[in-house]
Each structure stands twice: as structure tokens, then as C-alpha cells.
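Student: So that we are looking at the same thing, I have put the structure below in C-alpha cells.
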């Protein structure tokens with residue numbers, strides 16, 4: 062899992078938000094020595110994650126190019142699926158923000174890019190939640206048909222039931238992760254001050270745990286194939 066940039070990003074995210082949680086607890090109980098070292102580590106991990114995700118726009122760009130089929134690139138880009146477009150703009154804006162942090166671009170440009178990236182993240186999360194709801198409805202229909210067949214006397218396949226339960230479980234995990242992402246980015250977009258540190262830390266940690274679970278499962282499934 063750690064061989065991919067995505068896997069390393071998830072690992073660093075877990076460490077980053079675990080440390081942020083400890084720092085939040087330390088405000089109340091005050092047991093951590095050298096707090097400033099932990100704060101520098103958290104900031105360093107955040108910056109490291111931004112660098113790890115540089116050039117992530119190559120993935121959605123490749124998806125757009127596969128759809129080109131002789132048509133002008135701009136035409137293909139404008140007719141690409143909305144999730145792919147959002148992912149492309151989000152990744153490009155994230156890169157510009159990272160370049161600004163490196164000092165290669167003006168700070169103001171980096172702040173605007175970060176704002177665009179947040180909006181793309183917010184919209185793509187909404188789209189993903191809608192897709193998740195549609196998938197759950199399809200799965201519920203399939204589950205209903207399986208039990209109708211059973212009531213009608215048809216033998217129920219144990220593998221079919223297990224497959225439906227497996228998909229339903231991971232759809233619930235995905236939905237929970239998306240809701241946490243939505244909470245996290247909403248606090249940034251609308252610049253909510255109340256409970257900012259606590260809400261963003263808990264949402265970031267929860268999303269990190271759930272996305273890591275999904276990534277580990279994907280790798281284990283790939284190994285079994």
C-alpha cells in the first residue's frame with residue numbers, strides 16, 4: 062500500500078491527525094512536553110502530503126484524453142463527466158497552492174487556488190454522495206429481488222447474499238467518509254470559527270481512518286485476484 066503516493070498520503074494523514082488530536086487533548090490536560098515540536102511536525106506532514114499529491118491531475122487528464130476519439134481537446138474536455146472535470150480542476154488548483162507554499166508563485170494566487178480547490182472538493186463530494194445514494198438504491202432493489210425469490214421457493218445463493226452485504230457495508234463506509242469530508246471542507250469554505258479546530262481535527266481523523274480502511278481492502282482484493 063505504501064508503494065503508491067496515495068497510500069503514503071493516507072499514512073501521513075493518519076499520523077498528522079492523530080498528533081492534532083493529541084494536541085487538542087493537551088490543551089485540556091497539559092501532559093505533552095515540547096508541544097512546539099508536535100506542532101511543527103503536524104505542519105510538516107501537511108506540507109509533505111501536498112507535495113506527494115503533486116501532478117495528481119494526470120489521472121483525470123488521461124481519462125479525458127481517452128474520450129477524445131479525434132475530436133478537439135476543448136470539445137472533449139467540456140463534454141467530460143462532471144466528476145472527472147471537478148477532479149482535474151481540483152488537482153490543478155492544489156498544485157498551484159503547493160507551488161505558492163514553495164515560493165514559486167505569489168501567496169495571493171496560492172490562496173485563490175486553495176479556495177477553488179475547496180469548492181471543487183465540496184462539489185465533487187456532493188456528486189459522490191448522490192452516486193452513493195443511487196448505488197445503495199440499486200443494491201436495495203437487488204436485495205429485495207433475492208428475498209422475493211426466496212419467499213417464492215427459489216433457492217437463495219449464499220454467495221449472492223454475501224456479495225450484497227459486502228457491497229452494502231463498503232457503501233456505508235464510503236458514505237460516512239464523504240460526510241466527514243463535507244463537514245471538513247464546509248468549515249473552510251464558509252470560514253466557520255466556532256469549534257473549528259475540534260471539528261476539523263475529528264473530521265480529518267475519521268475520514269483518514271475510513272479512507273485507509275478502503276485502501277487496505279482494495280489492496281487485499283487486488284492481491285486475491
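Residue numbers (my numbering): 62 to 286. C-beta atoms are modelled at their ideal positions from N, C-alpha and C, and glycine is treated no differently.
Please report the distance separating the alpha-carbon of residue 100 from that of residue 159.
Tutor: For the purposes of this step, residue 100 is identified with residue 39 of the chain shown, where counting begins at 1. For the purposes of this step, residue 159 is identified with residue 98 of the chain shown, where counting begins at 1. Taking the straight line from one Cα to the other gives about 20 Å.
Student: If the criterion is Cβ atoms closer than 9 Å, does the pair residue 123 and residue 73 meet it?
Tutor: As a working note, residue 123 is residue 62 in the chain shown. As a working note, residue 73 is residue 12 in the chain shown. Contact flag unset, no.
Student: What residue range is occupied by the uninterrupted alpha helix (DSSP H) comprising residue 87?
Tutor: Taking the first residue of the chain shown as 1, we reach residue 87 at position 26. Its alpha helix (DSSP H) spans residues 66-90.
Student: Pull up the distance between the alpha-carbon of residue 88 and that of residue 173, whole angstroms please.
Tutor: Looking up residue 88 in the chain shown gives position 27. Looking up residue 173 in the chain shown gives position 112. One C-alpha to the other measures close to 32 Å.
Student: Going by the beta-carbon positions, is the gap between residue 229 and residue 271 smaller than 9 Å?
Tutor: Residue 229 sits at position 168 when you count from the first residue of the chain shown. Residue 271 sits at position 210 when you count from the first residue of the chain shown. Result no, Cβ atoms of residue 229 and residue 271 do not sit closer than 9 Å.
Student: Which of the three DSSP states, helix, strand or coil, is assigned to residue 268?
Tutor: Taking the first residue of the chain shown as position 1, residue 268 is located at position 207. Correct three-state label for residue 268: helix.
Student: When you compare the CB positions of residue 126 and residue 134, do they come within less than 9 Å of one another, or not?
Tutor: For the purposes of this step, residue 126 is identified with residue 65 of the chain shown, where counting begins at 1. For the purposes of this step, residue 134 is identified with residue 73 of the chain shown, where counting begins at 1. Contact: yes.
Student: For a quick check, are the C-beta atoms of residue 163 and residue 197 less than 9 Å apart?
Tutor: Taking the chain shown and counting its residues from 1, the one referred to as residue 163 is at position 102. Taking the chain shown and counting its residues from 1, the one referred to as residue 197 is at position 136. Against a cut-off of 9 Å, the Cβ pair of residue 197 and residue 163 comes out as no contact.
Student: Thinking just about the alpha-carbon of each residue, which of 239, 246, 277 and 143 is nearest to the one in residue 194?
Tutor: Translated into the one-based positions of the chain shown, residue 194 becomes position 133. Here the closest residue by C-alpha is 239.
Student: Write down the C-beta distance between residue 251 and residue 261 rounded to the nearest angstrom, noting that I regard them as a contact closer than 8 Å.
Tutor: For this step, residue 251 is matched to residue 190 along the chain shown. For this step, residue 261 is matched to residue 200 along the chain shown. Not a contact, Cβ separation roughly 13 Å.
Student: Where do the N-terminal and C-terminal ends of the alpha helix (DSSP H) with residue 120 fall, by residue?
Tutor: Within the chain shown, the letter at position 59 stands for residue 120. Residues 119-127.
Student: Tell me which residue opens and which closes the alpha helix (DSSP H) that residue 140 is part of.
Tutor: Along the chain shown, one-based indexing puts residue 140 at 79. Unbroken run through residue 140: none, as it is neither H nor E.
Student: Report all residues from its chain with a CB closer than 7 Å to the CB of residue 121; omit the five preceding and five following residues, and keep chain order.
Tutor: Position 60 of the chain shown, counting from 1, holds the residue named residue 121. Here the set comprises 145, 148, 149 and 152.
Student: When you compare each of 276, 277, 285 and 266 to residue 79 by their alpha carbons, which one comes out closest?
Tutor: Residue 79 sits at position 18 when you count from the first residue of the chain shown. The shortest C-alpha separation from residue 79 is found at 266.
Student: DSSP on residue 101, reduced to helix/strand/coil?
Tutor: Here residue 101 is taken as the residue at index 40 of the chain shown, counted from 1. Three-state result, residue 101: helix.
Student: So residue 236 is in the alpha helix (DSSP H); what residue range does that whole segment cover?
Tutor: Here residue 236 corresponds to residue number 175 of the chain shown, with the count starting at 1. 219-250 is the span of the alpha helix (DSSP H), which, as asked, contains residue 236.
Student: Is it true that the CB of residue 182 sits closer than 9 Å to the CB of residue 246?
Tutor: Within the chain shown, residue 246 is the residue found at index 185, counting from 1. Within the chain shown, residue 182 is the residue found at index 121, counting from 1. Yes, Cβ-Cβ distance for residue 246 and residue 182 is below 9 Å.
Student: Which word fits residue 178, buried or exposed, when buried means at least 16 other C-beta atoms lie within 10 angstroms of its C-beta?
Tutor: To locate residue 178, count along the chain shown from 1; it is residue 117. Classification for residue 178: buried.
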